[in-house]
């Protein structure tokens, strides 16, 4: 006859694998670089800002320009954007970074004035 089969099995012990902590920290604010102050009459300007780094990477930058009627925001993956402007008009503009985990920095911004056509 065969010996009895043991029904006891040893349960392996598991060491929990540490899970990475979720990234909840916002990236740093990008710094607006240009334009600032007074610029010559033009129909288009390139907004430029500093690149920022984040452990989750930067997925996009959200930028906006306000001609006095509220900010119109758009997004890009680069550190510059072309926008349409009018001569003789003052503008405020802002930019913020969004990291790979979806965290957003605060906006940072500056302003500029486009000279009238006759200057």
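In the working numbering, the protein residues as written are 158 to 276.
Quick reminder that beta carbons are idealized off the backbone N, C-alpha and C, glycines included.
Here the structure is a predicted model, which is why all the values come from computation and not from measurement.
Let's see if you can read the secondary structure: which residues bound the beta strand (DSSP E) around residue i?
| i | result |
| --- | --- |
| residue 203 | 201-206 |
| residue 239 | 237-241 |
| residue 253 | 247-256 |
| residue 189 | 189-191 |
So is residue i buried or exposed if we call it buried at 16+ other beta carbons inside 10 Å?
| i | result |
| --- | --- |
| residue 194 | exposed |
| residue 208 | exposed |
| residue 179 | exposed |
| residue 256 | buried |
| residue 192 | buried |
| residue 173 | exposed |
| residue 263 | exposed |
| residue 235 | exposed |
| residue 197 | exposed |
| residue 175 | exposed |
Can you name the residues that DSSP bridges to residue i?
| i | result |
| --- | --- |
| residue 229 | 222 |
| residue 196 | 271 |
| residue 266 | 251 |
| residue 186 | Partner(s): none; residue 186 has no beta bridge. |
| residue 215 | 256 |
With contact counted as at least three CB pairs below 8 Å, one residue from each stretch, are the stretch 211-230 and the stretch 269-276 in contact? Output reads no: the stretch 269-276 does not touch the stretch 211-230.
How do the stretch 171-187 and the stretch 209-222 stand: do at least 3 beta-carbon pairs fall below 8 Å, yes or no? yes
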